[in-house]
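In what follows, a single structure is set out as structure tokens and then discussed.
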Amino acid sequence: MSSIGSFIAVVDDELPVRVMPGRLLRLAKYRVREYASGEEFLASLSTDLPLCAIVDLHMPGLSGFEVQSCIRAANLQVPVVFITGSDDAALERAAHEAGVRNLLRKPFSSDELLEAIGGAIGSFGRNRMGG
């Protein structure tokens, strides 16, 4: 059975993109777990749910939209913040339709990331758990 964890999951196939938000979040007193693929992240959900997941939209294997779809299909309460390097305006609408309120375009600022995470966690009524 999954339990609510006290960490933020960063899911991106590019190591530098996982490292940057991970460092920032650790400085903000969050615990962080990094995943190199959507499949790796989804497999982890059977034992521990993050406070929030930062998920890249475009990855080999499962896309961010597919990861979000799997989370919803399993009825898991994991708020998601999408990140993307794409300028496609339609992604904003698609993210909202997938149930994700926050879409950050790379490169994003530290403040934008922290605000999106705070909003995502708050939308699920969870308290921030530092670590």
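Per the UniProt record's numbering, residue 1 is the first one in the sequence shown, and the count goes up by one each step.
Note that CB positions come from ideal geometry on N, CA and C, so glycine has one too.
Own chain residues within Cβ distance below 6 Å of L42, not counting five before or after: Here residue 42 refers to the residue found at position 42 when the sequence shown is read from its first residue. Closer than 6 Å at the Cβ level, and outside the excluded window around L42, lie C70.
Using a 10 Å radius around the Cβ and a threshold of 16 neighbouring Cβ atoms, would you call F124 buried or exposed? Taking the sequence shown and counting its residues from 1, the one referred to as residue 124 is at position 124. If you draw a 10 Å sphere on the C-beta of F124, you find fewer than 16 other C-beta atoms in it, and that means exposed.
Span of the beta strand (DSSP E) holding D56? Against the sequence shown, residue 56 aligns to sequence position 56. First-last of the beta strand (DSSP E) with D56: 52-56.
Could you check if L15 is buried or exposed, using at least 16 other CB atoms within 10 Å of its CB as the buried criterion? As a position in the sequence shown, residue 15 is number 15, starting the count at 1. With fewer than 16 other Cβ atoms from the protein chains shown falling within 10 Å of its own Cβ, L15 counts as exposed.
6 Å Cβ shell around R33 - same chain, five flanking residues per side excluded: Reading the sequence shown from its first residue, position 33 is the one you call residue 33. Hits under 6 Å: F7, A9.
List the residues that DSSP assigns as beta-bridge partners of N102. Within the sequence shown, numbered from 1, the residue matching residue 102 stands at position 102. Listed as beta-bridge partners of N102 by DSSP are V81.
Given a cut-off of 7 Å, decide if V11 and V78 are closer than it, judged by their beta-carbon atoms. What you label residue 78 is simply residue 78 of the sequence shown in a count that begins at 1. What you label residue 11 is simply residue 11 of the sequence shown in a count that begins at 1. Annotated as distal: V78 and V11, with beta-carbon spacing of 7 Å or more.
Going by the CB atoms, is the gap between D87 and M59 shorter than 7 Å? By one-based count along the sequence shown, residue 59 stands at place 59. By one-based count along the sequence shown, residue 87 stands at place 87. Their beta carbons are not under 7 Å apart, which means M59 does not touch D87 by this criterion.
Return yes when at least one heavy atom of the ligand GDP lies under 6 Å from the C-beta of A53, else no. The model depicted lacks the ligand GDP and carries no ligand whatsoever.
On the criterion of 16 or more Cβ atoms from any shown chain inside 10 Å, does N75 qualify as buried, or is it exposed? As a position in the sequence shown, residue 75 is number 75, starting the count at 1. So N75 counts as exposed.
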